[in-house]
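Chains as they are written, first to last, in our numbering: chain A, 1 to 810; chain B, 1001 to 1313. Every residue gets a Cβ at the ideal spot worked out from N, C-alpha and C, and that includes glycine.
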Amino acid sequence: MTRRNRTRRRRAPGLRRALFLLGPLALVLLAAPVAAQRAPAGTANLFGRVTDEAGAPLSGVLVAVLLTEAPTPVRTVLTDGAGAYQLVGLAPRRYRVRAGRLGYRADEWELALAAGERRRLDLTLRTDTVLVEGVVVEGRRAVDRERARFETEPGITARVVGGEQLKVLPGLAEADVLRAVELLPGVVSTSDFSSAFHVRGGSADQNLILLDGVPIFNPFHLGGLFGVFNADAIASAELLAGGFGAEYGGRVSSVLNVESNAEAADGLEVMGGVSLLATRVLVRSELPDRLGRALGGERGSWLVSARRSYFDQLFRPVFTFPYHLTDLQANATIETRGGGRLRFTAYGGSDVLDLSDFSPPGADAEESFLRVRWNWGNRVAGLGWTQPLGEAWTADARLGYSGFEDALGFTDFDDVRFGSRIRQLTLRTDLRRAFAEASTFKLGGSLEHLGYRNNAEAGGTQFFGGEGAGVLAATYASVLWNPDPRWVVEPGLRLDAWLPRGGARVLLAPRFAAKRFLGEERDAAVKLSLGRYTQFLHSLRDEEFPISNDTWILAGEDVPPVVSDQAQVGLDRFWESWSLSTELYYRTFRGVTEFNLVDDPNDPGDDLLVGDGRSYGLDLLLRRTRGRLTGWAAASLLRAERTLPDPAAAGWEDLPQTVTFPPIFDRRFDFDLIVQYLLPRDVEFGARWNYGSPIPYTRPVSQHLAWRHNLPRGRFEPARRQGPGELPLVVVLGERNAERYPAYHRLDLTLRRTFRPRWGSYTPYLQVLNVYNRRNVLFYFYNYDRLPATRSGISMFPVLPSIGIEATFR
Amino acid sequence: MSGARRSGRWAALVACLLAAGCELTEVVTAPAEDILVVEAVLRAGEPRQVVLLHRALGGDLVRGEPAARVTLRPVGGEAVVLAEAPQQRCLERTQVPDADSIRVEATCYSSASGQLPVRPGETYELQVETLDGRRLRGRTQVPGDFRLLSPALDSSRTCTLPPGANLPVVWSRSAGTWSYIATLEISGLDRALAGQGINAPEWLELTGLAISERDTTILLPAQFGIFERTDFDQSLLRLLQLGFPAGAYAELTVAAADRNFVNSVRGGGFNPSGNVRVSSVFGDGVGVFGSLVVRRAAIQVTTAASSRPCLRN
């Protein structure tokens, strides 16, 4: 191609340019299976699968190739979902191959590779019977995964919490994945009442939450009080807090990857549990051989879990309790004959607040109440296929659907309709090819169709509304290069073409990461990552309000995408039983949004205020990973700010047109101490202590009488009272978020004991939240209608004990 | 308009606090700022324009602001200085419902009759200077003129509606208005519904809303009462979805409101201490300087034949 031609293409109009850029993506998506690769001249390839004794593929196994005389691996690789691994471009000589994963005994093999040889080496690992069951194993698995990422990926910040670890972390009534994430460094939560979290100065809507790779938009019950995931069905939760490679897109702040428990049970297994929140049941088993074969596989497993709150049923004889929640989650995995893996995931959850036949206990029978019915929930389905293609390629394809819907109506007034909906359909393919010269090439693409509709109308007029749709076509490529056993470098490029109705926006997102290992043992490294990240949807949720659902809108003509530039440097160190990670980061955000409370109803384009933000900070994680006493200490320093237009000043040129303020999640220092201890007799003890420095709020500086303009008479009169005993007052606010609530701290404890009769096991547990009853402030109320004026307030959770029981039947 | 959104939020907040929240035992004194507040709403076609000045609450006292210099000026025109006037000229009533202890000493300023004709579509500026040197300023553009198309009224301003019927109220566009705010003052419901087991007050006021310049219809009475649905007997409000009972009488006011007025009534962001109002005056204080164009009608609900029916074929 000549320079002239290239120039012309760069200047192509938006849609044409997008189609041009989508060309490589189409090629990726339509790529035919790739033939086996020859080893480059003078080198050798090594590939194979790692399985357990029963032949089940093992993912996440660290396979290391070592020179026979040296302790340091020359190459490492992690097995994929099908248990496959490949190492290409090895010098012809004698090697030791070491493979290990927690829960399995590490083993070593010796071999000699000749020039031009392609050697298949299938490895079988045996269960490690020395390790005790439960939290130690699971905790080590999580750490192992972190260690594997440390060995193989240069930039990413990955923190993993294993499924069994989750259960020992104190939660509200029962274990909660989303609450556990708050305990990791760089993560800030602003309220006991909300599981929404903020990562490194990003808004809550900038976190991509995935269930087995499928996004889930609003994974909360009761406006954020509980997460939707049943901890029994979860294998692990991995938070990627920064330094993402080119394969990551869609959100700018973090990725929380929640993985279902796909491990095959030995026969039928039934687990159940009762907490003060809900009852839950989980059934899992191997897939019948005949069914597995009919589906083209060799063996497989399935899992179904259900959860429902029960207060509405429990209190039914006495009064109508108006709320219940349900969750249904299913997962099936099939190992295919070609060494691949098929995985199906589904989730459906709903919250129902039904006040259509509700009167509070003790209310006058003749008193009538506003009858309301409010439903909301998620629907998720995903199909994933991981398949080795020849010796050098691995393909991963995913098809997913995710939708969230929220509908509020008044039973007696059919002119009131409040609702919001967002849906996403995703097709994604990732290809990975091991190359000569110690490098791995990653290439992939995705097509996402997103659509949303919001509506709030009453009394024949629409208060708020909008709908839109768009296609996000993304393609990426990156090279993971080991120029030397001490270095891993990964340059990458991502291209996002956002095609909303009536327009196109193409954004290029370069990524770069480098890591240098320190010492012979490769157990310490310094790392650097730089990258640009993009996001094409926003939530309109007011983050200062502790409980509410997200209302999503897509970037379009009037709403720009979020573009975030991020840099981080870090140092990681692993010891036998400990690990330490510290990272310094800086982030900028363009296109952050906030609901415009003074939008012009005649202008559909000013519903959002669009501004900028930035954050910087330091995260530190010290983790003990082995032995009866495990846990971690996480410390985070953060400084975040946002700059947004001040719409009230519009038209007044001599007034500042923007306002800069710390967002509510600007918690400057956050410290979590997590201790998990395995006592004799299968007793597990968990403790969590959190300290959070003050978060900002906007202080009312005075109140004045609220006057109402009497429309018919043209004069003023005191407004109506807001409620019994409340004066009609208007609050005058001071500088935005200039004051801070007192520091937050809280101690939570969990005690569990597992009994193991012949039919299975059962675990009663006791949890106490906020053991020393710290009155952490949720809100202050300022009262200027008395002399002297006073400040009172509402606290978050008081001391909150709860009990529950879990049982497993085999 | 975010009033309904806020209602939902408050309901959720109350629910969560009932579930687990606790009142803080700590109550401390808080320093209060003594803030000047302006209430000014220009009304097109009215002979007098008024401005109310008061201070933020100090205990149970609403202090006034006497001896201030208050001027209104049409852009490009002569400034008019408003004079202090009796409170009654600004205030429909001073008593805060069920709060006799609150003393209102707000100060009323008024133009002389005919001194400042306010015209639809024009822009006006407000300046306030107090004795202690505080200065405030504001600007409003009065919405464009409009007229009621249905019910089409003659000079009597009253029409008749059969019971159990809804009346589509339609008006022409008011250029530049942000919203139309309507009130319906209904009387006679208590007599009309006596013996039906419905708790109807002697008089009630319901609010209707049409957001944006182009939304020029509202169904009367079904679409009124969107902010009052928790204030009255639900069976009464359900009944009004279908129309009025015979014997009721309703005064309808439709006002085209400018940006400042709309912002003052819809409020600002969430704050747990109470409602927040978006100020449209700048300087050493807060308040509203808005403008309205108002049209009115009256509806008599009767089964009798009439020469002035509200509903016309």
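Check this for me: beta carbons of residue i and residue j, under 9 Å apart or not?
i, j, result
"Gly-451(A)", "Ala-434(A)", "no"
"Arg-791(A)", "Val-1027(B)", "yes"
"Glu-247(A)", "Lys-442(A)", "yes"
"Tyr-691(A)", "Tyr-772(A)", "no"
"Leu-711(A)", "Ile-1181(B)", "yes"
"Thr-152(A)", "Leu-90(A)", "no"
"Gly-1195(B)", "Val-1301(B)", "no"
"Tyr-107(A)", "Leu-87(A)", "Per the sequence shown, residue 107(A) should be read as Asp rather than Tyr. No."
"Val-1254(B)", "Leu-1148(B)", "yes"
"Ala-82(A)", "Thr-534(A)", "no"
"Leu-353(A)", "Val-372(A)", "yes"
"Thr-1123(B)", "Pro-1074(B)", "yes"
Figure out for me which residue from the options has the closest Cα to the Cα of residue i.
i, options, result
"Asn-1271(B)", "Ala-719(A), Asp-542(A), Thr-660(A), Glu-164(A)", "Asp-542(A)"
"Val-270(A)", "Leu-277(A), Asp-232(A), Tyr-248(A), Ala-241(A)", "Asp-232(A)"
"Ser-236(A)", "Val-177(A), His-221(A), Gly-213(A)", "Val-177(A)"
"Arg-720(A)", "Ala-1255(B), Leu-1206(B), Gly-1045(B)", "Leu-1206(B)"
"Glu-263(A)", "Pro-485(A), Gly-60(A), Asp-415(A), Gly-201(A)", "Gly-60(A)"
"Gly-349(A)", "Phe-311(A), Arg-343(A), Glu-405(A)", "Glu-405(A)"
"Phe-217(A)", "Gly-272(A), Leu-554(A), Glu-174(A), Leu-507(A)", "Leu-554(A)"
"Ser-702(A)", "Gln-657(A), Arg-639(A), Asp-785(A)", "Asp-785(A)"
"Arg-105(A)", "Asp-52(A), Gly-155(A), Gly-163(A)", "Asp-52(A)"
"Leu-66(A)", "Leu-370(A), Ala-397(A), Glu-520(A)", "Glu-520(A)"
"Ser-1110(B)", "Ser-1101(B), Ala-1099(B), Gln-1087(B)", "Gln-1087(B)"
"Ala-330(A)", "Pro-696(A), Phe-344(A), Asn-378(A)", "Phe-344(A)"
If you draw a straight line from the C-alpha of residue i to the C-alpha of residue j, how long is it?
i, j, result
"Pro-1163(B)", "Gln-1223(B)", "16 Å"
"Leu-282(A)", "Arg-307(A)", "9 Å"
"Gly-267(A)", "Lys-167(A)", "23 Å"
"Thr-1126(B)", "Thr-1071(B)", "A small fix is needed here, since residue 1126(B) is Leu in this sequence, not Thr. Whole-angstrom Cα-Cα distance: 6 Å."
"Leu-427(A)", "Leu-399(A)", "5 Å"
"Leu-729(A)", "Leu-705(A)", "5 Å"
"Leu-1292(B)", "Ala-1192(B)", "34 Å"
"Pro-170(A)", "Trp-393(A)", "43 Å"
"Glu-814(A)", "Gly-213(A)", "Outside the displayed range of chain A (1 to 810) lies residue 814(A), so it cannot be described from this structure."
"Arg-98(A)", "Leu-121(A)", "12 Å"
"Gly-1064(B)", "Pro-1201(B)", "34 Å"
"Gln-1234(B)", "Gln-1095(B)", "28 Å"
"Asn-549(A)", "Arg-200(A)", "22 Å"
"Ala-39(A)", "Arg-75(A)", "Interpretation of Ala-39(A) is limited by its pLDDT of 49, a score under 50 that renders its predicted location unreliable; the figure taken from the coordinates is listed afterwards. So the alpha carbons of these two residues sit roughly 16 Å apart."
"Asp-312(A)", "Gly-242(A)", "42 Å"
"Asn-375(A)", "Arg-417(A)", "12 Å"
"Thr-630(A)", "Thr-658(A)", "48 Å"
"Leu-111(A)", "Ala-474(A)", "41 Å"
"Thr-1216(B)", "Pro-662(A)", "41 Å"
So if I threshold CB-CB distances at 7 Å, which residues from the segment 1274-1285 of chain B count as touching chain A? Gly-1274, Asn-1275, Val-1276, Arg-1277, Val-1278, Ser-1279, Phe-1282
Along the chain, which unbroken stretches of the beta strand (DSSP E) at least 3 residues long are found entirely within the segment 290-374 of chain A? 297-309, 323-336, 341-354
Could you tell me which uninterrupted alpha helix (DSSP H) segments, each at least 4 residues in length, are contained entirely in the segment 1068-1156 of chain B, listed from first to last along the chain? 1087-1090
Closer than 8 Å, Cβ to Cβ, to anything on chain A: give me those residues from the segment 1033-1055 of chain B, in chain order. Glu-1033, Asp-1034, Ile-1035, Val-1037, Glu-1039, Val-1041, Arg-1043, Glu-1046, Val-1050, Leu-1052, His-1054, Arg-1055
Using a beta-carbon distance cut-off of less than 8 Å, what residues from the segment 1116-1145 of chain B approach chain A? Arg-1139
Below 8 Å between beta carbons is the criterion; list the residues of the segment 621-652 of chain A that meet it against any residue of chain B, in chain order. Ala-648, Ala-649, Gly-651, Trp-652
Can you list, in chain order, the stretches of the beta strand (DSSP E) that have 3 or more residues and sit fully within the segment 1025-1061 of chain B? 1036-1043, 1050-1055
Where are the beta strand (DSSP E) runs, 3 residues long or more, that stay fully inside the segment 596-663 of chain A, in chain order? 608-624, 629-645, 658-661
Please go through the segment 1220-1250 of chain B and give each complete beta strand (DSSP E) segment of 3 or more residues, from N-terminal end onward. none
Going along the chain, which residues of the segment 1082-1094 of chain B sit with their C-beta nearer than 9 Å to a C-beta in chain A? Gln-1088, Arg-1089, Cys-1090, Leu-1091, Glu-1092, Arg-1093, Thr-1094
Short of 9 Å Cβ to Cβ, which residues in the segment 406-436 of chain A face chain B? Leu-408, Phe-410, Asp-412, Phe-413, Asp-414, Asp-415, Val-416, Phe-418
Can you list, in chain order, the residues of the segment 776-808 of chain A whose Cβ is nearer than 9 Å to any Cβ on chain B? Val-777, Leu-778, Phe-779, Tyr-780, Phe-781, Tyr-782, Asn-783, Tyr-784, Asp-785, Arg-786, Leu-787, Pro-788, Ala-789, Thr-790, Arg-791, Ser-792, Gly-793, Ile-794, Ser-795, Met-796, Phe-797, Pro-798, Leu-800
Quick one, which residues of the segment 1146-1176 of chain B are near chain A if we go by CB-CB under 9 Å, in chain order? Gly-1176
Write down every uninterrupted run of the beta strand (DSSP E) in the segment 467-513 of chain A whose length is 3 residues or greater and which is fully enclosed by it, in chain order. 487-500
When you check each C-beta in the segment 539-564 of chain A against every C-beta of chain B, which residues fall closer than 9 Å? Asp-542, Glu-544, Phe-545, Pro-546, Ile-547, Ser-548
Of the residues that make up the segment 1245-1261 of chain B, which ones have a beta carbon closer than 8 Å to any beta carbon in chain A? Glu-1251, Thr-1253, Ala-1255, Arg-1259, Phe-1261
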